[in-house]
């Protein structure tokens, strides 16, 4: 398992977490179906959706308040993270 650098999630837009993780230099590639532990590190709510389809509802999915974590399923086709209003920061651990 490896904890990656924190990721800033832009508000009111689709954020493909797998793609954002794969943009981080010096780390192994992450593929769909990899179990991730996502932790919200900001005061704004973050939302996690297990999907490979772009989202347009930025306040749907598993709601994470500050410090809350969510572990994705091994069969998730993809992972999206969104937030409304202002940007948020998430930490991700790759299991």
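Residue numbers (this note's numbering): 1426 to 1520. Note that beta-carbon positions come from the ideal geometry of N, C-alpha and C, so glycine has one too.
By a C-beta neighbour count over all protein chains shown, 10 Å radius and 16 as the cutoff for buried, is residue i buried or exposed?
i, result
"residue 1492", "exposed"
"residue 1481", "exposed"
"residue 1444", "exposed"
"residue 1494", "exposed"
"residue 1477", "exposed"
"residue 1438", "exposed"
"residue 1452", "exposed"
What residues match up with residue i in a beta bridge as DSSP calls it?
i, result
"residue 1523", "Residue coverage of the chain in this structure runs from 1426 to 1520, which leaves residue 1523 outside it and unanswerable."
"residue 1465", "1515"
"residue 1505", "1441 and 1474"
"residue 1489", "1471"
"residue 1494", "1464"
"residue 1428", "1518"
Candidates the options: which alpha carbon is nearest residue i's?
i, options, result
"residue 1456", "1497, 1435 and 1479", "1497"
"residue 1458", "1500, 1446, 1510 and 1465", "1500"
"residue 1442", "1469, 1503 and 1436", "1503"
"residue 1511", "1428, 1462, 1469 and 1450", "1469"
"residue 1430", "1478, 1460 and 1450", "1450"
"residue 1489", "1453, 1452 and 1467", "1467"
"residue 1515", "1436, 1464, 1486 and 1454", "1464"
"residue 1484", "1454, 1509 and 1440", "1509"
Could you check how far apart the C-beta atoms of residue i and residue j are, in whole angstroms? I think they sit under 8 Å.
i, j, result
"residue 1472", "residue 1519", "Their Cβ separation, rounded to whole angstroms, is 20 Å, which puts residue 1472 and residue 1519 out of contact at 8 Å."
"residue 1432", "residue 1517", "6 Å"
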